[in-house]
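A.B. asks: Positions in the sequence shown are counted from 1; adding 301 to them yields my numbering. Even for Gly, the Cβ is constructed at its ideal location relative to N, Cα and C.
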Amino acid sequence: MVSILGISAFYHDSAACLVIDGEIVAAAQEERFTRLKHDHHFPVHAARYCLSEANLTARELDYVGFYDKPLLKFDRLLETYLDYSPSGFKSFLKSMPLWMSEKLWMPDLIRTELAKADGEEDERQAKKNGKKFEWKLLFGDHHESHAASAFYPSPFDEAAILTIDGVGEWATSSIGTGKGNELTLLQELRYPNSVGLLYSAFTYYTGFKVNSGEYKVMGLAPYGEPKYVEKIKDNLLEMRDDGSIKLNQDYFSYSQGLRMTNGTFDKLFDGPPRQGESQITQREMDLARSIQVITEEVMLKMARYVYRETGMKHLCLAGGVALNCVANGRVLKEVPFESIWIQPAAGDAGGSLGVALAIWHRYLAKPRATNGCDAMKGSYLGPRDSEAEIEQFLRENNLEYTKCSREQLPGVVAELLASEKVVGLHQGRMEFGPRALGCRSIIGDARSPKMQSVMNLKIKYRESFRPFAPSVLREHVSEWFELDADSPYMLLVADVAPDKRMAVDTELTGLDKLKLQRSQIPAVTHVDYSARIQTVSRETNPLYWDIIEAFRKLTGCPVIVNTSFNVRGEPIVCTPADGYRCFMNTEMDYLVLENFVLSKDSHKKAQKAQNDS
Ligand SMILES: [Fe+2]
């Protein structure tokens with residue numbers, strides 16, 4: 302037996318992944334355990350969890366892989382800062398101590414941290430107790446880790462690979478091919494030219510948080526007009542036929558400091574960046590639409606170039622920009638690849654999975670076989686609490702519940718959904734990657750005209766413009782959407798089918814567009830009729846499939862709303878206790894913890910009685 306632990310850490314969204322004899326046994330992001338969104342610390346808790354799935358201790362591992370090369374990254378930081386000194390000197394000093402004391406001493410640090418995962422104080426203590434760490438430590442290349450996470454778990458024997466993100470060591474995008482267990486990177490685009498950083502610059506400028514607000518910019522785009530496209534093309538970048546770009550550094554400050562854009566950028570777009578909580582105006586919507594248009598154009602050009610260069614039938618995608626599902630939907634529709642597969646943990650968390658699989662297939666040269674299915678197990682790779690553990694939790698906390706049989710449960714939940722109740726669904730293994738796919742999800746009736754605003758304002762406490770995503774039975778996706786392909790990870794956008802749409806007043810602009818009902822499933826129809834689709838298959842998530850099937854039998858509609866089980870600013874829930882806390886802190890109506898159903902009304906009464914006594 303060969304066990305490999307993959308680690309990504311210290312930048313954004315740390316994660317761990319355990320691969321045993323080539324099988325992905327477990328993977329999880331650190332944030333879910335520490336409850337710190339996008340936690341970047343060494344993933345001690347995630348590693349401990351992954352090891353527990355296989356009853357292993359860290360000492361028993363054969364290999365530990367780190368997802369990028371700290372020395373190369375250091376080299377890039379050093380060169381960039383020297384290039385821009387003295388203006389970059391301040392932030393250089395700020396980032397230096399961390400790099401000097403931790404990142405350059407990575408091997409020792411990893412040993413010490415993994416000793417903690419085993420419950421040891423540190424490596425010295427472990428040694429004192431006569432325990433040795435005998436595993437071999439290997440470092441992957443950042444974009445190779447992304448590429449490996451895109452190709453190795455994909456359902457294809459051979460495929461073209463495209464990775465796009467902000468920046469790794471030097472590369473910001475790469476293309477390559479995968480065949481059997483071989484993976485070859487052919488070309489790369491290098492820092493400071495980066496599609497991810499360009500998108501992040503506009504995320505920053507429109508007042509959202511870099512590295513997490515990019516989704517909001519994508520959601521805001523359909524409200525705007527592409528007014529600034531020419532201005533961006535004329536001033537900010539050169540775009541070549543192969544999709545590579547050259548960014549005009551006069552407008553950006555990410556190389557020198559902690560801001561993404563500078564005064565010249567402000568001048569070009571007539572004003573400073575929007576401040577966090579201030580009103581979103583038409584200008585931000587137009588900027589969002591413009592940068593989305595540019596990103597789609599770049600991604601389409603890149604994908605067409607990869608298609609021409611490699612002659613492959615299939616495409617695998619990873620890297621943070623591959624989470625731009627609107628652009629992915631266009632790649633699927635407009636580039637002649639037969640099919641595309643996108644790594645669900647496309648951001649840096651997925652690097653942990655990539656490096657572990659790269660050690661197995663590239664370093665150890667183990668063969669790779671696909672049987673036409675991907676190896677991600679639906680991305681349900683995280684922890685699950687047993688029925689007994691949940692019952693114990695409910696009893697210990699004196700919580701009132703109804704226990705259903707597995708056969709009853711889908712019908713019970715479907716009835717709740719059909720009566721416009723909002724349900725927190727906590728079942729099965731937690732998802733790996735940023736999307737909730739029916740195991741840590743809040744679900745509702747997609748046909749309800751009030752559902753989008755109820756969920757946004759009373760449950761998620763977030764901006765009202767953001768659309769919700771539909772979960773649809775795979776068997777019925779083409780009846781309801783202009784898509785007839787698998788989209789199990791909610792990474793493709795397609796339009797609602799024309800016969801399910803409704804005519805609307807096209808004169809409305811900006812956020813007023815939100816007020817109109819555009820289809821028979823208004824809660825998941827964006828203002829441009831698009832939807833970010835999750836197709837649900839019986840094999841990967843039987844209970845979720847059964848719930849939607851029961852809803853279809855009841856209502857004729859095989860589509861429900863699915864949003865992640867969390868509130869704004871918090872990571873997705875992990876344990877039943879997290880789920881219960883989120884349930885009580887929002888206006889959610891029901892909570893389903895595996896087979897146990899909790900109603901908000903009875904819990905409020907119980908809480909009141911407790912407070913009164
Ligand atoms: Fe990355």
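1) From I592, D542, Y881 and D902, pick the residue whose C-alpha is nearest to that of D890; which is it?
2) Tell me which residues share the same chain as D917 and place their Cβ nearer than 7 angstroms to its Cβ, disregarding the 5 neighbours each side in the sequence.
3) Can you tell me whether L809 is buried or exposed, with buried defined as 16 or more other CB within 10 angstroms of its CB?
4) Helix, strand or coil: which one does DSSP assign to V636?
5) Using three-state DSSP, classify K602 as helix, strand or coil.
6) Taking only runs that begin and end inside the segment 486 to 554, name each unbroken beta strand (DSSP E) of 3 or more residues, in chain order.
7) Excluding the five sequence neighbours on either side, which residues of its own chain have a C-beta within less than 6 angstroms of the C-beta of S475, listed in chain order?
8) Within the present structure, is the beta-carbon of D466 separated from the nearest heavy atom of ligand 1 by less than 7 angstroms?
9) Please classify F884: does DSSP put it in a helix, a strand, or coil?
10) Would you check whether ligand 1 has a heavy atom nearer than 7 angstroms to the C-beta of Q649?
11) Suppose you measure from the CA of N842 to the CA of D571; what does that come to, to the nearest Å?
12) Anyone know if the C-beta pair for I325 and I660 falls short of 8 angstroms?
13) Do you know how far the Cα of F503 is from the Cα of T596?
14) Taking only heavy atoms of ligand 1 into account, decide whether any of them is closer than 7 angstroms to the Cβ of H346.
15) Does the distance from the C-beta atom of P964 to that of I822 stay below 8 angstroms?
16) Applying the 10 Å Cβ sphere with the 16-neighbour rule, what's the burial state of Q644?
17) Check the DSSP bridge columns for F367 and list the partner residues they point to.
18) Taking 7 angstroms as the cut-off, does the CB of H341 come closer than this to any heavy atom belonging to ligand 1?
19) What separation, rounded to the nearest whole angstrom, lies between the Cα atoms of G712 and K854?
20) Determine the extent of the beta strand (DSSP E) in which I873 is found, giving its start and end residues.
21) Return the CA-CA distance between C351 and L319, expressed in angstroms with no decimal places.
22) Could you say which of G725, S865 and E732 lies nearest to A347 if we only look at CA atoms?
23) Would DSSP call A449 helix, strand or coil?
24) Considering just the uninterrupted stretch of the beta strand (DSSP E) at C858, what are its terminal residues?
25) In terms of alpha-carbon separation, which member of M302, F367, A650 and L899 lies closest to A355?
26) Go to C318, then tell me how far its beta strand (DSSP E) extends in each direction, as first and last residue.
27) Does the separation of the CB atoms of K602 and G544 fall below 8 angstroms?
28) Go ahead and pull the three-state DSSP assignment for E459.
29) Could you spell out where the beta strand (DSSP E) holding T836 opens and where it closes?
30) Thinking C-alpha only, which one of D813, V828, R349 and L844 is nearest G729?
31) Roughly how many angstroms lie between the CA atoms of E610 and L899, to the nearest whole one?
32) Is the segment 828 to 841 close to the segment 786 to 803, with three or more CB pairs under 8 angstroms?
33) Using a Cβ-based criterion (distance less than 7 angstroms to any ligand heavy atom), does G477 qualify as near ligand 1?
34) Out of R741, D587 and G612, which one is the CA nearest neighbour of P872?
35) Please state the DSSP three-state secondary structure of R669.
36) Does the Cβ-Cβ distance between Y368 and G323 come in under 8 angstroms?
C.D. replies: On the basis of the coordinates in this document:
1) The alpha carbon of D890 has as its nearest neighbour, out of I592, D542, Y881 and D902, the alpha carbon of D902.
2) Nothing can be reported for residue 917: it is not among the residues displayed for the chain, which extend from 302 to 914.
3) exposed
4) DSSP places V636 in coil when its eight states are reduced to three.
5) helix
6) 538 to 540 and 546 to 548
7) H444, T464, L486 and E489
8) Ligand 1 approaches D466 closely enough that one of its heavy atoms is under 7 angstroms from the residue's Cβ.
9) helix
10) According to the sequence provided, residue 649 is Asp. The question's Gln does not apply to it. D649: yes, Cβ under 7 angstroms from ligand 1.
11) Going from the Cα of N842 to the Cα of D571 covers about 50 angstroms.
12) no
13) 11 angstroms
14) no
15) Outside the shown range of the chain, which is 302 to 914, sits residue 964, and nothing can be said about it.
16) The residue is buried, with at least 16 neighbouring Cβ atoms inside 10 Å.
17) I308 and F440
18) no
19) 9 angstroms
20) Run containing I873: none; DSSP gives neither H nor E here.
21) Between C351 and L319, the C-alpha separation is close to 6 angstroms.
22) E732
23) helix
24) Careful: C858 lies outside any beta strand (DSSP E) and carries neither H nor E.
25) M302
26) Start and end: A316 to I321.
27) A contact, by the Cβ cut-off of 8 angstroms.
28) strand
29) Bounds of the beta strand (DSSP E) holding T836 are S831 to V837.
30) L844
31) 55 angstroms
32) yes
33) no
34) R741
35) Residue state, collapsed to three classes: coil.
36) no
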